[in-house]
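Student: For reference, each letter of the sequence shown is one residue, going 1 to 177 in full-length UniProt numbering.
Built from N, CA and C at the ideal position, the CB exists for glycine as well.
If you're wondering where the values come from, they're calculated on a predicted model, not measured in any experiment.
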Amino acid sequence: EDEDEDEDEDEENDKIGAMQSSAPTIPVLSNASRRRSGFSAERVDPSKLLANFTRPVHEKEADVAETLRSILGEIFLFTHLDESAMATLTDALFRVEKAVGDDVITQGAEGDNFYIVYEGECDVYVAKGGEERCVLTVGRGDSFGELALMYGAPRAATVRAKTDAVVLYAMDRPTFR
1 EDEDEDEDED EENDKIGAMQ SSAPTIPVLS NASRRRSGFS AERVDPSKLL ANFTRPVHEK
61 EADVAETLRS ILGEIFLFTH LDESAMATLT DALFRVEKAV GDDVITQGAE GDNFYIVYEG
121 ECDVYVAKGG EERCVLTVGR GDSFGELALM YGAPRAATVR AKTDAVVLYA MDRPTFR
């Protein structure tokens, strides 16, 4: 019976992993560390957010905007949004360029932006016990940085440009919320 539960859990995890393929995760290092950790989102008053919100619009070429809208539509967090909300998010994305070796985000820092990789690749590093280890490589269409914005938690990893001329599109915290 325990084996059936384990298989069901593995199948469910595979499904969840497929849905979140654009959001990098930190791999489990051992079975002993498979405990679920809880997160508590920041308390937000939507009326205050909207009262002070000015919709940012960053100009993009039509093909870039269409590609970004398509990528956003594949990200689990945004799949429920209507066309108007998707247009708002697409307009709000601004271009960020990084050279090989540049950090996009740093583990432990406060989160200010959510990122989508548009061109190039970045490595994701996690420091534990003073040792930094590459746990994942992200490329075109992948996204990262949402956890720090959603939960107000420090960045869980460092993301560093692996290739030269990495192009990302970022969304600031107020727009993300």
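Considering only C-alpha positions, which residue in the set 101, 92 and 114 is nearest to residue 160?
Tutor: If we check each option's Cα against that of residue 160, 101 comes out closest.
Student: So, with DSSP's three-state summary, where would you put residue 160?
Tutor: Of the three classes helix, strand and coil, the one that applies to residue 160 here is strand, per DSSP.
Student: When burial is assigned at 16 or more other CB atoms within 10 Å of the CB, is residue 130 buried or exposed?
Tutor: With fewer than 16 other Cβ atoms within 10 Å, it is exposed.
Student: Spell out a yes or no on whether the region 69–81 and the region 89–101 are touching, meaning 3 or more CB-CB pairs, one atom from each, closer than 8 Å.
Tutor: Touching, yes, given that three or more Cβ pairs across the two stretches are closer than 8 Å.
Student: Are there 16 or more other CB atoms within 10 angstroms of the CB of residue 57, so buried, or fewer, so exposed?
Tutor: The residue in question, residue 57, is exposed, as its Cβ has fewer than 16 Cβ neighbours within 10 Å.
Student: Where residue 98 and residue 116 are concerned, what is the direct C-alpha to C-alpha distance, given to the nearest angstrom?
Tutor: Each residue's Cα considered, the two are about 13 Å apart.
Student: Leaving out five residues before and five after residue 167 in sequence, what residues of the same chain have Cβ atoms less than 7 Å from its Cβ?
Tutor: Taken in chain order, the residues that qualify are 95, 97, 118, 119 and 120.
Student: Quick check: the Cα distance between residue 22 and residue 139, rounded to an integer number of angstroms?
Tutor: Confidence at residue 22 is low in this model, with a pLDDT of 44, below 50, so its placement is unreliable and the value that follows should be read with caution. So the alpha carbons of these two residues sit roughly 9 Å apart.
Student: Going by alpha carbons, who is nearest to residue 137 out of 147, 125 and 145?
Tutor: Of the candidates 147, 125 and 145, the one whose C-alpha sits nearest the C-alpha of residue 137 is 125.
Student: By DSSP, does residue 104 sit in helix, in strand, or in coil?
Tutor: Three-state result, residue 104: strand.
Student: According to DSSP, residue 123 sits in a beta bridge with which residue or residues?
Tutor: Answer is 137 and 160.
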